[in-house]
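*Asks:* Here you go, one structure.
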Amino acid sequence: MGRVKSKDRSNKRGTLGLGSMFEAYTFLMGFALIIWAAVVYFAFDMLMNIGVIYPANYAEYRIDEVCEQIETATEVTADLIPDVCHYVVFSEDGEVLAGDLGEKDVETAWKVLSNKNYSDGKFYRVILRTDEYVVLQYSLMSQYRFMWMNEHLPKSENLMIFFILFGCIGIMQIFAKRFGYRIRKKMAPMREALEQIGDRNLDFKVNYSGVREIDECLVVLDDMRYALKTSLQRQWETEQEKSRQMSALAHDIKTPLTVVRGNSELLFETELTDEQKNYADYISESALQIQNYVQTLIEVTKSQEGIEQEPVNVKVVDVLADIKRQTMGLSEVYQLQINWREDLENGEAVISVVYDHLVRAVMNIVRNASEYTPKGGVINITATYSGEELIFTVEDSGSGFTPEALAHGTEQFFMDDSSRTGSSHYGIGLFFAKKVAKEHGGKIILANSKETGGAKVQISFMPVGIRI
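Laid out in structure tokens, this is it:
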């Protein structure tokens, strides 16, 4: 079946745009704000109805109630004055007879008598008595029934506005968090898809969010996932085919190579001149060198095909003994001097490693050093075990690495025509050693030795499951 087109997957029923979601939340938030404002308003209205808060015109209403009593009373006292008013009593010549107004307010009250329209921001009511004037001062604003509330609380109008604003801020925060939570929930399929791709798992089904814009991104992401999966599959198949061809070629080379080595060895059993013996030596040594390359190529091919070996438990001293034995045998073939040194914290420690890979990796480095060290030369090998890390340092007395070899020497099939002895050098051995080092959590470092003047290779391993 063909690939499903993006537009067919994005046009799903029930999808909602981000704009529509935002509009819905805005509408609901606005409705909630209106409801809250109405609740606060009706709550304050109820407080007015039960007398906890007086309305703004309450003072005028109370003045109308007591006006006649003040006019006819024998004497004006504070008991006659409404509790929401202040007052002052003047004689006809302006003398203050009674009252609770301050000195400044008294002057203002006298001005009100001569100018009925005078105002200083407060309101005044004049009541005429026989030979006296009573001036009441009041404000047109709501007040609390209890005096301590008037003294300690904001004005009721301000308090109502405060409650409305405080509630509105709370409602907006709640809706903002709710909207953010829903967006995060809708984004979850995209986050999951990205995590799957980040974990290199391309065999998963994309779940859609129901939000049009997010689903459109998911469709594109799914197309990219499919394209990446197809590309990687093709690349893997190509690499597998190349590995199979290389493996077959390597095995095919081994047969004629065996014949060449066998015949060169048979030549030594015949009567040869010195010159012919030299030629036979060259043939035998070159055949051995090619055989080593072919063996390394087979090992690299197997590792690329995913043929893995399980780690085994082995003592550190046993690993070093095996490598040392093979190294000494190699030194006899190449006629070299090996300086072997060990620095072990606990040689009897048991480590868990892929044994064959580790030994071959180290021997590839030693063999590489042997090939580029002149006969009679020296190779220094130091094995260090600190309890956590196993390190091998190999220094030869050849011509050393070129700058290009230092940068690319561990790449597969790297060839440096100017390298060391002048012959072509392929980086199969160092490439395999690097793979094994990484397999064990270690690394490989190329350098030139200050001590020997030749190449220096250090390879480290972090063995798994160390136990003493």
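When you line the sequence shown up against my numbering, it's residues 1333 to 1800, in that order. We put the CB at the ideal spot given by N, CA and C, even for glycine.
Going along the chain, which residues of its own chain have a beta-carbon closer than 6 Å to the beta-carbon of Phe1724, five neighbours each way excluded?
*Replies:* Counting only Cβ-Cβ distances below 6 Å, and skipping sequence neighbours, we find Val1694, Ala1715 and Ile1791.
*Asks:* With distance defined between alpha-carbon atoms, name the residue in Asn1624, Ile1655, Asn1595 and Ile1683 nearest to Lys1647.
*Replies:* Looking at the Cα atoms, Ile1683 is the closest of the given residues.
*Asks:* Run the CB neighbour count on Lys1782, radius 10 Å, all protein chains shown included, and call it buried at 16 or more, exposed below.
*Replies:* Flag for Lys1782 reads exposed.
*Asks:* Can you check which of these residues, Met1361, Leu1497 and Val1685, is closest to Thr1794 by C-alpha distance?
*Replies:* Correcting the residue identity first, residue 1794 is Met in this sequence and not Thr. Out of Met1361, Leu1497 and Val1685, Val1685 has the C-alpha closest to the C-alpha of Met1794.
*Asks:* Buried or exposed: where does Asn1671 fall if 16 or more other Cβ atoms within 10 Å of its Cβ makes it buried?
*Replies:* When all chains shown are included, Asn1671 counts as exposed.
*Asks:* For Leu1412 and Trp1368, what's the separation of their Cα atoms in angstroms?
*Replies:* Computed Cα separation, rounded: 41 Å.
*Asks:* Please go through the same chain and pick out, in chain order, the residues whose beta-carbon is closer than 6 Å to the beta-carbon of Glu1771, but skip the five residues on each side of it.
*Replies:* There are no such residues.
*Asks:* Within its chain, find whatever has a CB closer than 6 Å to the CB of Val1384; leave out the 5 residues flanking it on each side and keep chain order.
*Replies:* Excluding residues within five positions, the ones whose Cβ falls inside 6 Å are Arg1477.
*Asks:* Buried or exposed: Leu1703, going by 16 or more other Cβ atoms within 10 Å of its Cβ?
*Replies:* The question names Leu, but residue 1703 in the sequence shown is Glu. The residue in question, Glu1703, is buried, as its Cβ has 16 or more Cβ neighbours within 10 Å.
*Asks:* Going by C-alpha distance, which of Gln1627, Glu1489 and Glu1435 is nearest Met1380?
*Replies:* The option with the nearest alpha carbon to Met1380 is Glu1489.
*Asks:* Closer than 8 Å by C-beta to Glu1642: which residues in its own chain qualify, once you throw out the five before and the five after it? Chain order, please.
*Replies:* Cβ within range, chain order: Val1686.
*Asks:* On the three-state DSSP scale, how would you describe Leu1604?
*Replies:* Coil at Leu1604, not helix or strand.
*Asks:* Can the beta-carbon of Phe1507 be found closer than 8 Å to that of Met1353?
*Replies:* Not a contact, by the Cβ cut-off of 8 Å.
*Asks:* Please report how far the alpha carbon of Val1416 lies from the alpha carbon of Ala1430, in whole angstroms.
*Replies:* Distance between the alpha carbons of Val1416 and Ala1430: 17 Å.
*Asks:* When DSSP labels each residue in this structure, what does Ala1405 get in the three-state scheme?
*Replies:* Residue state, collapsed to three classes: coil.
*Asks:* How would you write the range of the beta strand (DSSP E) that Ala1430 sits in, first residue to last?
*Replies:* Val1428 to Gly1431 is the extent of the beta strand (DSSP E) around Ala1430.
*Asks:* For Val1458, is the classification buried or exposed, using 16 other Cβ atoms within 10 angstroms of its Cβ as the cut-off for buried?
*Replies:* Val1458 comes out exposed.
*Asks:* Quick check: what's the CA-CA separation for Arg1752 versus Val1644?
*Replies:* Any reading at Arg1752 must be qualified, since the residue scores a pLDDT of 44, below 50, and its modelled position is unreliable; the value itself is stated next. One C-alpha to the other measures close to 37 Å.
*Asks:* Would you please state the rounded distance, in angstroms, between the beta carbons of Val1726 and Gly1679? I believe it to be under 8 Å.
*Replies:* Not confirmed; about 20 Å, so no contact.
*Asks:* Does Met1660 pass the burial test, meaning 16 or more other C-beta atoms within 10 Å, or should it be called exposed?
*Replies:* Label assigned to Met1660: exposed.
*Asks:* Using the rule of at least 16 other Cβ atoms within 10 Å of the residue's Cβ for burial, across every protein chain shown, is Ser1755 buried or exposed?
*Replies:* Here Ser1755 scores only 43 on pLDDT, less than 50, and its place in the model is too uncertain to base an answer on.
*Asks:* If Gly1349 and Glu1548 are in contact, beta carbons under 8 Å, what's the gap, nearest whole angstrom?
*Replies:* 10 Å between Cβ atoms; not a contact.
*Asks:* For Arg1593, I'd like the list of residues in its chain whose CB is within less than 6 Å of its CB, leaving aside the five on either flank, ordered along the chain.
*Replies:* Counting only Cβ-Cβ distances below 6 Å, and skipping sequence neighbours, we find Ala1619.
*Asks:* Three-state secondary structure (DSSP) at Asp1411?
*Replies:* Residue state, collapsed to three classes: helix.
*Asks:* Comparing alpha-carbon positions, which option in Met1578, Pro1414, Tyr1419 and Gln1623 lies nearest Asp1396?
*Replies:* Comparing Cα-Cα distances from Asp1396 to each of Met1578, Pro1414, Tyr1419 and Gln1623, the minimum goes to Pro1414.
*Asks:* Kindly indicate the opening and closing residues of the beta strand (DSSP E) around Phe1763.
*Replies:* Here Phe1763 belongs to no beta strand (DSSP E); instead the alpha helix (DSSP H) covers Ile1760 to Glu1771.
*Asks:* Could you compute how far the alpha carbon of Val1665 sits from the alpha carbon of Arg1532?
*Replies:* So the two alpha carbons sit approximately 47 Å from each other.
*Asks:* Compute the Euclidean distance between the alpha carbons of Ile1760 and Phe1511, then round it to the nearest angstrom.
*Replies:* Between Ile1760 and Phe1511, the C-alpha separation is close to 58 Å.
*Asks:* Quick check on the DSSP output: the alpha helix (DSSP H) that includes Ser1446 runs from which residue to which?
*Replies:* Element bounds for Ser1446: Glu1435 to Ser1446.
*Asks:* Tell me whether Tyr1419 sits in a helix, a strand or coil according to DSSP, three-state version.
*Replies:* Here Tyr1419 sits in strand by DSSP.
*Asks:* For Lys1454, tell me which candidate among Ala1388, Lys1517, Ala1410 and Ile1503 has the shortest Cα-Cα distance.
*Replies:* Of the candidates Ala1388, Lys1517, Ala1410 and Ile1503, the one whose C-alpha sits nearest the C-alpha of Lys1454 is Ala1388.
*Asks:* Out of Ser1563, Asp1654, Tyr1558 and Arg1699, state which residue places its alpha-carbon closest to the alpha-carbon of Glu1617.
*Replies:* Of the listed residues, the one whose Cα sits closest to Glu1617 is Arg1699.
*Asks:* Taking the beta carbon of Met1378 as the centre, do at least 16 other beta carbons fall within 10 Å, making it buried, or is it exposed?
*Replies:* With fewer than 16 other Cβ atoms within 10 Å, it is exposed.
*Asks:* Taking the alpha-carbon positions, what's the Gln1667 to Thr1590 distance?
*Replies:* C-alpha separation (whole angstroms): 23 Å.
*Asks:* Name the DSSP beta bridge partners of Val1466, please?
*Replies:* In DSSP, Val1466 forms a bridge with Val1421 and Ile1459.
*Asks:* Take Met1481 as the anchor and find which of Tyr1558, Val1372, Thr1462 and Tyr1386 has the nearest alpha-carbon.
*Replies:* The shortest C-alpha separation from Met1481 is found at Tyr1386.
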